[in-house]
Structures are given as structure tokens and as C-alpha cells.
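Take a look at the structure set out below.
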Amino acid sequence: MGVVPDYVFILPAVILVGWIASWWATRRIRWVGLSGAAVVSVLCLVIGWNAMGPRTDPRTLGCSPAFECTDLSSVYVIAAGLLGILCCLALVVLTLVGEFIVHLSRDASA
Numbered sequence: 001m002g003v004v005p006d007y008v009f010i011l012p013a014v015i016l017v018g019w020i021a022s023w024w025a026t027r028r029i030r031w032v033g034l035s036g037a038a039v040v041s042v043l044c045l046v047i048g049w050n051a052m053g054p055r056t057d058p059r060t061l062g063c064s065p066a067f068e069c070t071d072l073s074s075v076y077v078i079a080a081g082l083l084g085i086l087c088c089l090a091l092v093v094l095t096l097v098g099e100f101i102v103h104l105s106r107d108a109s110a
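If you read the sequence shown in our numbering, its first letter stands for residue 1, the second for the next number, and so on.
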């Protein structure tokens, strides 16, 4: 296992696969799917942030660096949420470009 566990990349992978599959459906499904993925990503951020618990002084817990007192499972949930949000933002840009190209090709053939 590397520095970051593999399950951090599950949310962005599901978002990407769903986005690719949505191109065979209506554009409404594509935008609803991206919106839902963004909501889930923000929820991961909020849940991970709340799971970290209240802020305490690391010196009172006996931790020399503050990183020793951090629960890494909540950090991984936050990382998954951040990757999901970045994935959604990139896919929104790609969707806008793709729909513009599809619109231009339909106008050219008409």
C-alpha cells in the first residue's frame, strides 16, 4: 500500500465513469449527475472535517509534531472529497466544451 490508500480514488473514478456513461443519455442526466457528484464530494469534506474532532493543542496530548495526533481516516475522506470536487470542476469544463462542439456539428449538418 502506498502513502494514500486506494479507496480515496473510488469517488473520482465513479464520477468519471458516470460522466462518460452519461454521454449516451440526455444532457439533463449529465448535469444532474455532475451536480449530485459535487454534493457527495462536499458531504465527504464536511463529514471528514467533522470527524477530525475539536481542535486541541498537540502539546497537551503529548504529540511532538501535530501530525502525530491526526486521525488519518478522516484526512483520507477529506482527500476523497477534494479529489471529487476537482474532478467535477474539470468535467464541468469538458462538458461545456463537448456540448458546444456537439451544438456546432448539429448546426453545420443542418
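Ideal Cβ placement from N, Cα and C applies to all residues, glycine included.
Predicted, not measured: the structure shown is a model, and the values here were computed from it.
Local Cβ density within 10 Å of residue i, reported as buried at 16 or more and exposed below that
| i | result |
| --- | --- |
| Leu94 | exposed |
| Arg106 | exposed |
| Trp23 | exposed |
| Leu72 | exposed |
Residue range of the alpha helix (DSSP H) that includes residue i
| i | result |
| --- | --- |
| Phe100 | 72-109 |
| Val17 | 10-22 |
| Ala37 | 27-51 |
CA-to-CA distance, residue j to residue i, given in whole angstroms
| i | j | result |
| --- | --- | --- |
| Met1 | Val39 | With a pLDDT of only 47 at Met1, under 50, the local geometry of the prediction cannot be trusted, and the value read off the model is given with reservation. Their Cα atoms are separated by approximately 29 Å. |
| Ser74 | Cys44 | 9 Å |
| Val77 | Cys87 | 15 Å |
| Gly33 | Trp49 | 24 Å |
| Ile15 | Ile47 | 19 Å |
Cβ separation of residue i and residue j, assumed to be a contact under 8 Å, to the nearest whole Å
| i | j | result |
| --- | --- | --- |
| Ala37 | Gly84 | 6 Å |
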